[in-house]
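Residues in the sequence shown are numbered consecutively from 17, following my numbering.
Glycine included, each C-beta is placed from N, C-alpha and C at the ideal position.
What follows is a set of notes on a single structure, which appears directly below.
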Amino acid sequence: MSEIDGWLLQVTSGDPRDGEQKVEMYAAWMGSEDEAAALVAKTFSLGEDQLVAIVDTLSAEELTKLGLSPGGACPYVEDLVTD
Numbered sequence: 017m018s019e020i021d022g023w024l025l026q027v028t029s030g031d032p033r034d035g036e037q038k039v040e041m042y043a044a045w046m047g048s049e050d051e052a053a054a055l056v057a058k059t060f061s062l063g064e065d066q067l068v069a070i071v072d073t074l075s076a077e078e079l080t081k082l083g084l085s086p087g088g089a090c091p092y093v094e095d096l097v098t099d
């Protein structure tokens with residue numbers, strides 16, 4: 017099994033009962049899930065009402081395709097990773 021380089025995170029906000037739920041995906045190049053979630057929350061100024069969940073792991077190659085370096089976070093763009 018290869019080492020985990022980073023994480024794909026889902027950020028959910030809004031109340032689906034009000035038809036206002038929004039889901040965004042982010043990538044973070046951090047070693048642990050907690051560090052990745054904290055980095056995304058800080059980098060993108062997430063509020064307490066926004067839920068952060070780990071979705072998957074990302075390799076260094078995938079993170080580099082997103083333009084990241086270790087310790088960075090960005091919105092996840094699937095087209096950049098799958099090309």
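query, result
"DSSP beta-bridge partners of T28", "V39, L67"
"First through last residue of the beta strand (DSSP E) which encompasses P91", "89-91"
"Cβ neighbours of D72 in the same chain (closer than 7 Å, five flanking residues each side left out)", "L24"
"Pairwise C-alpha distance: G83 and S33", "The identity of residue 33 in the sequence shown is Arg, whereas the question assumes Ser. In a straight line, the C-alpha of R33 is about 36 Å away from that of G83."
"Cα-Cα separation, E40 to E77", "22 Å"
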